Each structure stands twice: as C-alpha cells, then as structure tokens.
Amino acid sequence: MKTLLGLAITLVSFLSFTAFGFTGIAAGAASIAKILFYLFLGIFVVFLIADIIVGRKVFS
1179 MKTLLGLAIT LVSFLSFTAF GFTGIAAGAA SIAKILFYLF LGIFVVFLIA
1229 DIIVGRKVFS
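The numbers in my numbering rise by one with no breaks, and the one at position 13 of the sequence shown is 1191.
As structure tokens, this is what we get:
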C-alpha cells in the first residue's frame, strides 16, 4: 500500500511538472525571476553605495 501511495504522488507531481513545462508557465516564471533578480541587484548596489558613503561619516 505504501508503494502505491508513492507511485500516485510521483504521478501527480510528474503531471504538474509537465503542465508547467508545456504550457509556457515555466518561461513566464523565468522572465519574472530575471526581473526580480535585477531589481534586487539594483537595490543591493544602492544600499552598498549608501553604506560606503554614510558608514564613513558615522565611523570617522
């Protein structure tokens, strides 16, 4: 019975993976991930520059 449950879970997961792969959802998610990556990279650079500028004034 445990083996049958494992096979059923595997089947459902494979069906969901193929639905994501063949319907274009994966490409949409990849483009959203790319946008979020560059957004957070920009925020990181802004905070890094702010830390360098403000950090020198605080500690000197």
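Heads up, the beta-carbon is just placed ideally off N, CA and C, and yes, glycines get one too. Since the model is a prediction, treat every value here as computed from it, not as a measurement.
{"Asked": "Less than 7 Å separating the beta-carbons of F1198 and A1204?", "Found": "yes"}
{"Asked": "On the three-state DSSP scale, how would you describe G1199?", "Found": "helix"}
{"Asked": "Within the same chain, show all residues whose beta-carbon is closer than 8 Å to that of G1184, passing over the 5 residues directly before and after it, in chain order.", "Found": "none"}
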